[in-house]
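Letter by letter, the sequence shown follows residues 31 to 448 in the numbering used here. Beta carbons are placed, not taken as given, at the ideal position from N, Cα and C, and that holds for glycine.
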Amino acid sequence: MARSLALLMALALYALLATPTPDNLGVIGFSIGLGLLFAAGVPGLIQVARPAQGPAGMPLFIPAARLLLMWGLCVPLLAGLMTGREATFILRDLVAFICLLLPLFLWPCLKNWPQADRLFPAMLCMVGIIFAVRVLWGAISEQGGAIRLYGFISDPDNLLNAPTALFALLYLTGTGGRLLGRASNSRSLLLAFLCFIPVLILLAAMLGVGQRAHIGAWGLALILWAGALIWRCPRALGRILLLTCPLIVLLALLPVAGLQGLLMGLLEKNTLVGFNNRLEEARVVFESFSGQPFWAVLFGQGWGAGITSPAAGPYPVNYTHSLLTTYLLKTGLCGFMLVLAYLAVLAAGIWRVLWVFPVGGVALAAPFLIDITLYASFKTLDFGLLLSLIVLWTNWVGSARQSCQNGPGWCMQEEYPE
């Protein structure tokens with residue numbers, strides 16, 4: 031109980047006062063780190079040092095994470111120190127690396143925490159919602175108490191890039207729709223509409239910032255869920271559409287000029303920046319190895335290494351906007367293969383969740399894929415929390431998937447008792 035409370039306090043402090051990618055840790059960052067360390071506790075630290083063979087039935091991500099941890103604390107660290115990388119950049123990379131392996135440390139806390147499969151995703155939603163409120167509140171403060179319905183608002187701390195924001199948007203949308211589809215009393219209806227209130231807040235913030243990837247993922251998720259319902263239970267889809275008619279009408283009554291301005295802004299941004307030079311950035315990473323000795327290709331350029339990124343100005347930065355190219359640059363082909371193995375285990379876990387719990391599976395898959403390929407949010411605490419939820423839910427659905435395999439088609443087995 032004490033460790034779960036420490037985790038809650040650390041995440042609340044992070045959501046209210048911190049930013050996903052701070053320039054330095056500071057007092058707040060160290061306080062969050064201490065909270066997470068207390069949440070991991072002695073079992074989390076012992077698990078890291080336990081022999082890799084471990085007991086039978088150990089989750090597959092644990093040996094993959096241990097191998098990656100040993101590599102990251104040895105080879106790229108030595109390479110960064112030997113090549114004279116700036117200490118601040120090395121420290122930033124190490125913090126991001128530990129966040130990537132957060133499931134390894136938090137697993138003992140999560141697996142022994144009663145109702146963690148309900149409360150931990152609620153914590154992640156809390157972080158995402160508070161980030162959205164902070165963005166909207168900042169816009170209101172800047173504009174004298176009103177938010178314009180045209181153009182974009184600012185998000186200087188990249189709060190809405192955090193995977194927790196997209197997870198909250200998708201998870202609450204899907205949960206609200208599921209409650210509506212199964213609504214049998216006023217309690218279910220009330221809970222459904224309580225889910226949709228933060229969804230509107232998150233959507234307003236993302237539309238205001240012009241968050242194209244997240245808005246697109248939300249739209250695609252709606253299509254996927256609607257298709258699954260048409261296949262499995264068309265009556266539930268009809269009920270959802272009927273009950274959300276008042277909300278649709280309310281949105282239709284918003285000023286047409288404001289909505290048109292937001293949509294035109296998104297289209298204009300897409301025309302101007304496209305994919306934000308992500309492919310060109312990957313090319314720069316590959317070119318950085320030209321003329322390097324073979325050991326640099328195998329072992330990487332070390333923590334603290336950077337490039338002049340066309341996706342960031344171009345300015346010299348010590349990261350790329352893709353997890354894959356970042357770890358190829360810093361840890362080399364060997365580290366890259368270890369990262370791929372770790373991510374493959376987690377991706378397989380998402381598939382298992384998707385089979386039994388489509389709402390949760392989609393809510394995990396979208397930020398997982400976006401942050402691996404398009405955004406630099408893989409460096410954040412949020413991404414480590416998302417990966418921790420993947421391993422938690424993967425363990426939870428382990429027995430449920432076997433029962434699903436005995437039936438045809440897409441299994442929508444009831445995931446939580448009411």
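What does DSSP give as the partner residue(s) for residue i in the beta ladder?
| i | result |
| --- | --- |
| T338 | P346 |
What residue range does the alpha helix (DSSP H) around residue i cover?
| i | result |
| --- | --- |
| L373 | L353 to V386 |
| N307 | Taken as a continuous stretch (DSSP letters only), N307 belongs to no alpha helix (DSSP H), as it is neither H nor E. |
| M88 | M88 -> no alpha helix (DSSP H), and no H or E assigned at all. |
| L37 | A32 to L47 |
| A406 | Taken as a continuous stretch (DSSP letters only), A406 belongs to no alpha helix (DSSP H), as it is neither H nor E. |
| F413 | L411 to W426 |
| F324 | F324 to F329 |
So is the beta-carbon of residue i under 7 angstroms away from any non-hydrogen atom of the ligand ADP?
| i | result |
| --- | --- |
| A40 | This structure lacks the ligand ADP, and indeed carries no ligand of any kind. |
With a threshold of 7 angstroms on Cβ separation, who are the neighbours of residue i within its own chain once the five nearest residues in sequence on each side are excluded?
| i | result |
| --- | --- |
| V315 | I337, T350, T355, L358 and L359 |
| I380 | G391, L394, A395, F398 and I420 |
| A48 | I58, G59 and I62 |
| G334 | G110, R115, E116, F119, I120, D123 and N348 |
| L363 | V327 and L328 |
I'd like the list of long-range same chain contacts for residue i, defined as Cβ closer than 8 angstroms, with 5 residues on each side in sequence excluded.
| i | result |
| --- | --- |
| L38 | M153 |
| A95 | L131, P133, L134 and Y372 |
| L189 | T49, P50, F161, A162, R164, V165 and A195 |
| W143 | R33, S34, L149 and F150 |
| A42 | M156 |
In chain order, what residues of the same chain lie with their CB nearer than 6 angstroms to the CB of residue i, ignoring the 5 residues before and after it?
| i | result |
| --- | --- |
| L209 | S218, L221 and A222 |
| A251 | L200 and V392 |
| L233 | none |
| A40 | I62, G65 and L66 |
| P73 | P138 |
| A69 | R33, A36, L37 and C139 |
| I159 | A198 and P228 |
| G401 | Sequence check: residue 401 is Asp here, not Gly. Closer than 6 angstroms at the Cβ level, and outside the excluded window around D401, lie P193, S407, F408 and F413. |
| G102 | F127 |
| L98 | L368 and Y372 |
Exercise. Assess, as a yes-or-no matter, whether the segment 49-65 is touched by the segment 324-338 under the definition of 3 or more beta carbon pairs within less than 8 angstroms.
Key: Per the Cβ contact rule, the segment 324-338 is not in contact with the segment 49-65 (fewer than 3 Cβ pairs under 8 angstroms).
Quiz item: Would the segment 374-393 and the segment 103-114 be scored as touching if the rule is three or more Cβ pairs under 8 angstroms?
Solution: With the cut-off at 8 angstroms, the segment 374-393 and the segment 103-114 do not touch.
Exercise. Mind the definition here: the segment 400-420 touches the segment 116-132 only if three or more C-beta pairs lie below 8 angstroms; say whether that holds.
Key: These segments touch.
Quiz item: How do the segment 240-253 and the segment 394-403 stand: do at least 3 beta-carbon pairs fall below 8 angstroms, yes or no?
Solution: In short, these stretches touch, since the Cβ pair count reaches three.
Quiz item: Are there three or more Cβ pairs, one per stretch, closer than 8 angstroms when the segment 196-205 is compared with the segment 214-228?
Solution: Touching, yes.
Quiz item: Which parts of the segment 182-247 are runs of the alpha helix (DSSP H), unbroken and 4 residues or longer, counting only runs that do not cross its ends?
Solution: The alpha helix (DSSP H) runs of length 4 or more contained entirely in the segment 182-247 are, from start to end of the chain, 193-211 and 216-239.
Quiz prompt | Completely contained alpha helix (DSSP H) runs for the segment 108-184, where each covers 4 or more residues | solution = Segments of the alpha helix (DSSP H) lying fully in the segment 108-184: 117-130, 132-141 and 146-172.
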